[in-house]
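Quick notes on the structure that follows.
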Amino acid sequence: MKLLAISSLFLLSAAAPSKRKRQNPPNQSVFIDRHASNVIGSSGPFRTDTSGFFNPTNTTPPFFQIFDHAFLDILGPNPSVRLIGSNESFAFAHEAPIWIPETGEVWFCSDEGGGRAIHSDVNTNNVVSRIRMEEVRVGGDVSITPVPLDPSIQITNGATNYKGQILLVNDGRGNLPPNVVLVNPRPPFNSTVLLDNFFGRQFNSLNDVKIHPTSKKVFFTDKTTGWLNHFRPLPDFPDMVYRFDPNTGDVRVVADGFIRSNGIAFTDDGKTAYIGDSALGGGFLGSNSTLPATIYQFDVDPTSETFTNRRVFAYVDTGIPDGIQLDKKGNVYSGCGDGVNVWNPTGTLLGKIFLGDSSSNMIFAEAGELVVLSDSNLFFAKIKAEGQDLHGRGLSV
Ligand SMILES: *[C@@H]1O[C@H](CO)[C@@H](O)[C@H](O)[C@H]1NC(C)=O
Ligand SMILES: *[C@@H]1O[C@H](CO)[C@@H](O)[C@H](O)[C@H]1NC(C)=O
Ligand SMILES: *[C@@H]1O[C@H](CO)[C@@H](O)[C@H](O)[C@H]1NC(C)=O
Ligand SMILES: *[C@@H]1O[C@H](CO)[C@@H](O)[C@H](O)[C@H]1NC(C)=O
């Protein structure tokens, strides 16, 4: 979903920090005074979800918006965010970011091409690419190299680390089934399909995946993306969250009641789960602001691992919440219509990596390194926060 840039929404005197703390914002950052922006006045200008961004300081992106001083602990004293790769003809950096410590690489996948995936060039709508973090650290543009994968992998949308390898979840294409696939992160990048049906029925379009930190089972979301974007048949299931146990082969539903189940994440103790519902952005159904753009929080039942006690964690003010990642302190990061939004574990919006464009997902590499996907653009943020330890997950299975 792309949104039009609107220059200035409000007239604010400056990027003023709260009055009790006179402090200069760090590099590339602005403080947003919540009080100053809380009243616009009857003559406006107001915005709608599909027109404009919340950029009251009218700062040129990319930059960091600080809503709460606790964001300073995430940014550190000298944060930066910069473009490291771009290709206007091709949404090469859409989803499924994964940090592979074993090879020093980050992988991600391209967009399926809106409604054109069945007909358009498979060279652009089904591409998993890789970059070397070593090259990112040096500065300048990075080389973006396609990964040659087996054709059983059609339109990847989610990825996570598993047993030192890569687990991809894929949308499928036409009658080619959505699937969960284990991929060798090293040449020849061979792969094994672990799951491609639920008791004989094809999933809709698998969207995102995480390994539960203690049970090591595979949890994934299924979304009606393929039908909404005209590259899959009519959905055969509601949008739901599944649990897959590779040891026993058991597959079961652990959560439902979503319109568009999207990103997934767990806290380090495995007791809390986050699921994004991106119903607001509905493919050929268009954008509908009366539908959820909401991250829900759940308890994970210690016995059945079903998701219980559903509650709103955060509603996003621009676009939809897409991929969800946590940092080491349990802060929650989601790719939204204006960039990366960051909340503390109690749901306070601390700040944003404001791109003035949508981000579908992001991934921490080494400490303080965040690779941010924005379709035709790839960004790198150097901050202080460290990512949740995802790469060890499943090693002991
Ligand atoms: C601030 O961020 C910009 C953009 O990434 C970078 O070029 C610059 O070096 C940073 N400044 C400092 C002092 O690090
Ligand atoms: C952009 O993507 C297209 C389609 O894959 C490719 O042919 C072209 O070489 C890419 N351009 C750059 C600058 O990487
Ligand atoms: C890749 O091939 C090697 C050698 O045949 C095999 O041991 C390994 O299990 C394969 N990996 C995957 C993910 O299929
Ligand atoms: C938006 O969604 C609501 C709730 O499903 C529905 O009643 C309404 O018709 C939709 N509006 C549009 C313009 O599609």
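Numbered by mature numbering (1 follows the signal peptide of the UniProt record, and there is no 0), the letters in the sequence shown go through residues -15 to -1, 1 to 382 in order. Ideal Cβ placement from N, Cα and C applies to all residues, glycine included.
Cutoff 7 Å; reference residue i; Cβ partners in own chain excluding five residues on either side
| i | result |
| --- | --- |
| Ile244 | Asp224, Asp262, Ala264, Leu276, Pro277 |
| Val178 | Ser137, Asn164, Val166 |
| Thr288 | none |
| Lys367 | Pro64, Ser65, Gly353, Glu354 |
| Ala(-1) | Because the pLDDT at Ala(-1) is just 44, under 50, the model does not fix this residue reliably, and the value given afterwards should be weighed accordingly. Cβ within range, chain order: Pro10, Val15, Phe16, Thr42. |
| Pro162 | Asp181, Asn182, Gln187 |
| Asp286 | Thr293 |
| Leu(-12) | Note that Leu(-12) scores a pLDDT of 37, beneath 50, so its modelled location is shaky and nothing firm can be said. |
Heavy atom of ligand 3 within 6 Å of residue i beta-carbon
| i | result |
| --- | --- |
| Leu167 | yes |
| Asn164 | no |
| Ser176 | yes |
Supposed close pair residue i, residue j - CB separation, criterion 8 Å
| i | j | result |
| --- | --- | --- |
| Leu191 | Asn247 | 11 Å between Cβ atoms; not a contact. |
| Asp193 | Val154 | 7 Å |
| Phe292 | Phe283 | 4 Å |
| Asn169 | Asn160 | 27 Å between Cβ atoms; not a contact. |
| Val226 | Thr206 | 5 Å |
| Pro86 | His376 | 5 Å |
| Asn72 | Ser359 | In fact, because the Cβ distance is near 12 Å, the residues do not count as touching under 8 Å. |
Residue of the options minimising C-alpha distance to residue i
| i | options | result |
| --- | --- | --- |
| Tyr300 | Thr333, Leu311, Pro231, Phe292 | Thr333 |
| Thr279 | Asn294, Asn23, Tyr259 | Tyr259 |
| Pro330 | Asn346, Leu311, Ser345, Gly320 | Leu311 |
| Asn214 | Ser345, Pro173, Phe269, Asp254 | Phe269 |
| Pro231 | Thr252, Val203, Asp207, Gly211 | Val203 |
| Gly255 | Asp235, His197, Ser343 | His197 |
| Leu68 | Val127, Leu60, Arg19 | Val127 |
| Phe251 | Thr210, Asp307, Thr199 | Thr199 |
| Val123 | Phe365, Lys369, Glu371, Ala144 | Phe365 |
| Ser319 | Ser344, Thr210, Arg295, Lys201 | Ser344 |
| Val356 | Phe52, Glu119, Glu97 | Glu119 |
| Pro172 | His54, Leu134, Tyr147, Gln50 | Leu134 |
| residue 401 | Gly234, Gly149, Lys208 | Since the first residue shown for the chain is -15 and the last is 382, residue 401 is missing from the structure and cannot be characterised. |
| Asp374 | Trp328, Lys313, Thr210 | Lys313 |
| Gly125 | Arg158, Thr88, Thr257, Leu363 | Leu363 |
| Val132 | Ile151, Tyr147, Val121 | Ile151 |
| Ile309 | Phe52, Lys208, Glu80 | Glu80 |
| Asp241 | Thr257, Lys208, Tyr147, Phe216 | Lys208 |
| Ile51 | Arg296, Glu97, Arg19, Asp96 | Arg19 |
| Tyr281 | Ser274, Gly266, Pro306 | Pro306 |
Same chain, Cβ closer than 6 Å to residue i, five either side skipped, listed in chain order
| i | result |
| --- | --- |
| Ile84 | The residue you asked about is not Ile; residue 84 is Trp in the sequence shown. So the qualifying residues of the chain are Val91, Ile348, Ala350. |
| Thr35 | Ser272 |
| Pro2 | Low per-residue confidence applies at Pro2: pLDDT is 46, beneath 50, and the placement is therefore not dependable, though the value from the model is reported in the following sentence. Here the set comprises Gln8, Phe16. |
| Lys(-14) | Low confidence applies here, because Lys(-14) scores a pLDDT of 41, under 50, leaving its location unreliable and the question unanswered by this model. |
| Asp56 | Here the sequence assigns Phe to residue 56, which means Asp is not the residue at that position. Hits under 6 Å: Leu335, Gly336. |
| Ile(-10) | Low local confidence applies: a pLDDT of 39 at Ile(-10) is under 50, so the model's placement there is unreliable, and no value is given. |
| Gly304 | Met(-15), Cys321, Gly322, Ser343 |
Any non-hydrogen atom of ligand 2 within 6 Å of residue i CB
| i | result |
| --- | --- |
| Asn326 | no |
| residue 396 | The shown model of the chain, from -15 to 382, leaves out residue 396, and the question about it has no answer. |
| Ser114 | no |
| Asn111 | no |
| Asn184 | In the sequence under discussion, the amino acid at residue 184 is Phe, which differs from the Asn named in the question. No; taking the cut-off as 6 Å, the Cβ of Phe184 has no heavy atom of ligand 2 nearer than that. |
| Phe204 | no |
| Asn362 | no |
| Ser74 | yes |
Cβ-heavy atom distance, residue i to ligand 4, below 6 Å
| i | result |
| --- | --- |
| Thr88 | no |
| Thr33 | no |
| Thr233 | no |
| Thr275 | yes |
Nonlocal neighbours in the same chain, by C-beta distance under 8 Å from residue i, ignoring five residues either side
| i | result |
| --- | --- |
| Trp212 | Asn189, Ser190, Pro218, Leu219, Pro220, Gly268 |
| Thr130 | Ser114, Arg115, Ile116 |
| Phe229 | Val165, Leu179, Leu180, Lys202, Val203, Phe204, Phe205, Asp235, Val236 |
| Asn12 | Asn63, Pro64, Ser65 |
| Phe222 | Phe183, Arg186, Phe188, Asn189, Asp207 |
Interface flag, residue i vs chain D, CB-CB below 7 Å
| i | result |
| --- | --- |
| Asn232 | No chain D is part of this structure, which consists of one protein chain only. |
When you compare the region 332 to 341 with the region 317 to 324, are there three or more beta-carbon pairs, one atom per stretch, that lie closer than 8 Å? yes
contact_flag[the region 109 to 118, the region 31 to 45] where n(CB pairs < 8 Å) is 3 or more:
Here the region 109 to 118 does not lie against the region 31 to 45, with fewer than 3 beta-carbon pairs under 8 Å apart.
task: Spell out a yes or no on whether the region 67 to 82 and the region 22 to 30 are touching, meaning 3 or more CB-CB pairs, one atom from each, closer than 8 Å.
output: no
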